[in-house]
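J.: Quick note: to get the working numbering, add 114 to the position in the sequence shown (first position is 1).
Glycine included, C-beta positions come from ideal geometry on N, C-alpha and C.
Structure provided below as structure tokens; questions to follow.
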Amino acid sequence: MSDKKNEVDISKLTFEQLKKIREYLKKLIDNGGSDLHVKSKGIIRARVNGSIVPFSGSVLSYEDAMTLAKELLRGRFSEFVQNKEIDLVYQFDEGNRFRVNIFFQTDGPSFVFRIIPMQIPTIDQMKFPEIVRTLTKEGRGLVLVTGATGSGKSTTLAAMIHEINLTEKKHIVTIEDPIEFVHKDRGCVINQRSVGQDTLSFGRALRAALREDPDIILVGEMRDRETVELALHAADTGHLVFSTLHTIDAKETINRIIAMFPNEEQNRVRLSLSGVLKGVVSQRLIPTIDGKRVAAMEVLVKTPTIEKLILENRDYEIRDAIEKGREHYKSQSFDQHILDIYNQGI
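Structure below.
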């Protein structure tokens with residue numbers, strides 16, 4: 115599956131500024147960086163091991179930034195001008211792709227290129243806690259992966275779907291904006307749909323997915339009340355649903371979902387969520403001894419205690435319940451996992 119409308123082969127673009135960008139993208143890859151920041155009237159910088167560092171001393175002019183946007187976007191430039199920001203995926207070479215967000219800021223266009231590994235990592239390669247693999251074995255319900263922007267949610271979710279693809283024989287439908295990791299059918303049939311290309315919206319695609327004989331549905335992000343409602347319904351009707359939220363931990367995740375609904379509906383949503391939720395994997399990247407970064411994870415596993423806390427609006431007790439459930443349910447708090455990482459000498 116390839117998101118063709120949203121994908122351009124950078125190697126085929128000839129504008130001189132693009133040639134320089136290609137050089138910086140190559141430098142980013144060689145230095146193990148994650149993001150390249152290109153800003154009108156600013157120097158080019160990169161994020162390497164979590165820190166923003168200069169990559170070029172020369173300043174990109176407003177005119178060159180606009181030309182760069184036009185060359186990258188081609189037929190979608192008018193859409194960018196109208197909406198003021200746009201997401202795309204770019205093929206750099208056979209081994210590297212980038213998710214690109216282009217947006218207007220005070221001095222003109224800015225570009226953020228984020229590298230997407232072509233090889234989908236496995237759970238073992240990522241050294242995730244074993245409970246993450248266990249959550250992929252659920253037959254139905256809702257599993258959420260949460261964290262701040264840049265915390266690795268997409269990679270974690272891709273590794274979990276890859277695990278299912280390698281070990282199960284199921285039908286997986288993904289709804290993404292944009293498609294980052296491209297899954298090839300192994301044991302599973304995987305249909306990846308890009309919002310804006312293959313479907314008009316998350317909600318529309320999620321409704322349609324229920325008629326497409328899915329076992330598993332991945333919703334790239336639960337951005338609004340409609341998507342949350344449909345995801346809860348899908349999980350309640352026998353499907354395993356994966357999604358993400360920009361929340362820092364399980365407690366905030368539950369509160370965020372409930373807060374999307376008006377007061378008179380929140381008890382109903384609590385009842386639904388407490389019934390279908392199977393797990394919340396919240397992560398943040400922390401520095402390692404060698405200067406790199408590793409994912410520290412809080413993992414909520416739904417237990418009778420957790421279900422009761424959600425239902426009774428006692429979310430403030432969730433962290434304590436997670437820590438106490440480690441021995442029997444393999445749940446873990448951030449502090450517990452960070453201590454594990456420290457003890458492993460990482």
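Note the first and the last residue of the continuous beta strand (DSSP E) segment covering V390.
T.: By one-based count along the sequence shown, residue 390 stands at place 276. No beta strand (DSSP E) holds V390; the alpha helix (DSSP H) holding it covers 377 to 390.
J.: Please give the ranges of any beta strand (DSSP E) in the segment 247 to 284, keeping only runs that are unbroken, at least 3 residues long and fully inside the region.
T.: Listed in chain order, they are 255 to 260.
J.: By the three-class DSSP mapping on this structure, what secondary structure does V153 have?
T.: Start at 1 with the first residue of the sequence shown, and residue 153 comes out as number 39. Checking the sequence shown, residue 153 turns out to be Lys, not Val. Three-state result, K153: strand.
J.: Tell me where the alpha helix (DSSP H) around M411 begins and ends.
T.: Your numbering for residue 411 matches position 297 in the sequence shown. No alpha helix (DSSP H) contains M411, which is instead part of the beta strand (DSSP E) from 407 to 415.
J.: With a Cβ-Cβ cutoff of 9 Å, do V246 and F227 count as a contact?
T.: Here residue 246 refers to the residue found at position 132 when the sequence shown is read from its first residue. Here residue 227 refers to the residue found at position 113 when the sequence shown is read from its first residue. No; because the gap between Cβ atoms is not below 9 Å, this pair is not in contact.
J.: Is it buried or exposed for R428, if we count other Cβ within 10 angstroms and need 16 for buried?
T.: As a working note, residue 428 is residue 314 in the sequence shown. The residue in question, R428, is exposed, as its Cβ has fewer than 16 Cβ neighbours within 10 Å.
J.: To test your reading of the DSSP string, which unbroken beta strand (DSSP E) runs of 3 or more residues are found completely within the segment 271 to 351?
T.: Taking only runs of at least 3 residues, the beta strand (DSSP E) segments lying wholly in the segment 271 to 351 are 285 to 290, 303 to 308, 330 to 333.
J.: In the DSSP assignment, the alpha helix (DSSP H) including I432 goes from what residue to what residue?
T.: Here residue 432 corresponds to residue number 318 of the sequence shown, with the count starting at 1. That run of the alpha helix (DSSP H) goes 432 to 438.
J.: Tell whether a beta-carbon distance below 9 Å holds between T269 and F295.
T.: By 1-based counting over the sequence shown, the position of residue 269 is 155. By 1-based counting over the sequence shown, the position of residue 295 is 181. Yes, these two residues count as a Cβ contact at 9 Å.
J.: For K444, I'd like the list of residues in its chain whose CB is within less than 6 Å of its CB, leaving aside the five on either flank, ordered along the chain.
T.: In the sequence shown, residue 444 corresponds to position 330, counting from 1. Excluding residues within five positions, the ones whose Cβ falls inside 6 Å are I245.
J.: What's the call for L387, buried or exposed, on a 16-neighbour Cβ count within 10 Å?
T.: As a first step, residue 387 must be located in the sequence shown, where it is residue number 273. L387 is buried by the Cβ-count criterion.
J.: What's the call for I465, buried or exposed, on a 16-neighbour Cβ count within 10 Å?
T.: Residue 465 is absent from the structure shown; the chain starts at 115 and stops at 460.
J.: Just the C-alpha distance for Q311 and V333, rounded to the nearest angstrom, thanks.
T.: Working through the sequence shown from its first residue, we reach residue 311 at position 197. Working through the sequence shown from its first residue, we reach residue 333 at position 219. Spanning the two alpha carbons is a distance of roughly 15 Å.
J.: Spatial neighbours of A272 within its chain, please: CB distance less than 6 Å, with the 5 preceding and 5 following residues excluded, ordered by chain position.
T.: If you number the sequence shown from 1, residue 272 lands on position 158. Excluding sequence neighbours, A272 sits near I234, F295.
J.: Any idea if K406 is buried or exposed, counting beta-carbon neighbours within 10 angstroms, 16 or more meaning buried?
T.: The count along the sequence shown starts at 1 and reaches residue 406 at position 292. Exposed.
J.: Reducing DSSP to helix, strand and coil, say where I234 ends up.
T.: Counting from one through the sequence shown, the residue named residue 234 turns up at place 120. I234 falls in the coil class under three-state DSSP.
J.: How should H451 be labelled, buried or exposed, when 16 other C-beta atoms within 10 angstroms of its C-beta is the threshold for buried?
T.: Looking up residue 451 in the sequence shown gives position 337. Buried, because 16 or more other Cβ atoms sit within 10 Å of the Cβ of H451.
J.: So which of E437, H442, L344 has the shortest CA-CA distance to F448?
T.: Taking the first residue of the sequence shown as position 1, residue 448 is located at position 334. Among E437, H442, L344, the Cα nearest to that of F448 belongs to E437.
J.: Taking 9 Å as the threshold (C-beta atoms), are I432 and L414 in contact?
T.: As a first step, residue 414 is located in the sequence shown; it is residue number 300 there, counting from the start. As a first step, residue 432 is located in the sequence shown; it is residue number 318 there, counting from the start. For L414 and I432, yes; Cβs fall inside 9 Å.
J.: Indicate the three-state DSSP secondary structure (helix, strand or coil) for P418 in the structure shown.
T.: Within the sequence shown, the letter at position 304 stands for residue 418. Correct three-state label for P418: helix.
J.: When the Cα atoms are used, what is the spatial distance from N197 to D329?
T.: Residue 197 sits at position 83 when you count from the first residue of the sequence shown. Residue 329 sits at position 215 when you count from the first residue of the sequence shown. Cα-Cα distance, rounded: 35 Å.
J.: Judging by CA-CA distance, which residue of K392, S172, V259, L425 is the nearest neighbour of S357?
T.: Position 243 of the sequence shown, counted from the first residue, corresponds to residue 357. Taking only the C-alpha atoms, the option nearest S357 is V259.
J.: With three or more beta-carbon pairs closer than 8 Å as the criterion, would you say the segment 407 to 426 touches the segment 355 to 371?
T.: The segment 407 to 426 vs the segment 355 to 371: in contact.
J.: Determine, using beta carbons only, whether G310 comes closer than 9 Å to chain C.
T.: The structure shown contains no chain C; it is built from a single protein chain.
J.: Using only alpha-carbon positions, find the residue among L132, S154, F169, E326 that is nearest to G222.
T.: Indexing the sequence shown from 1 puts residue 222 at position 108. If we check each option's Cα against that of G222, S154 comes out closest.
J.: Spatial neighbours of E335 within its chain, please: CB distance less than 6 Å, with the 5 preceding and 5 following residues excluded, ordered by chain position.
T.: Position 221 of the sequence shown, counted from the first residue, corresponds to residue 335. Hits under 6 Å: T358.
J.: Is the CB-CB distance between V342 and M374 below 9 Å?
T.: Working through the sequence shown from its first residue, we reach residue 342 at position 228. Working through the sequence shown from its first residue, we reach residue 374 at position 260. It is a contact, given that the beta carbons lie within the stated cut-off.
J.: Compare the beta carbon distance of E340 and V309 with 9 Å and say whether it is the shorter of the two.
T.: Here the question's residue 340 lines up with position 226 in the sequence shown. Here the question's residue 309 lines up with position 195 in the sequence shown. No; because the gap between Cβ atoms is not below 9 Å, this pair is not in contact.
J.: Taking 6 Å as the limit between beta carbons, can you name the residues of its chain near Q84, skipping five residues before and five after?
T.: Lying outside 115 to 460, the shown extent of the chain, residue 84 is not represented and no answer is given.
J.: Here's the rule: buried if 16 or more other CB atoms are within 10 angstroms of the residue's CB, otherwise exposed. What is Y204?
T.: For this step, residue 204 is matched to residue 90 along the sequence shown. Under this definition Y204 is a buried residue.
J.: Can you tell me where the beta strand (DSSP E) with N210 in it begins and where it stops?
T.: As a working mapping, residue 210 is identified with position 96 in the sequence shown. Run containing N210: 210 to 219, per the beta strand (DSSP E) assignment.
J.: Check for me: the beta strand (DSSP E) holding D178 runs from which residue to which?
T.: For the purposes of this step, residue 178 is identified with residue 64 of the sequence shown, where counting begins at 1. Unbroken run through D178 is the alpha helix (DSSP H), 176 to 187; no beta strand (DSSP E).
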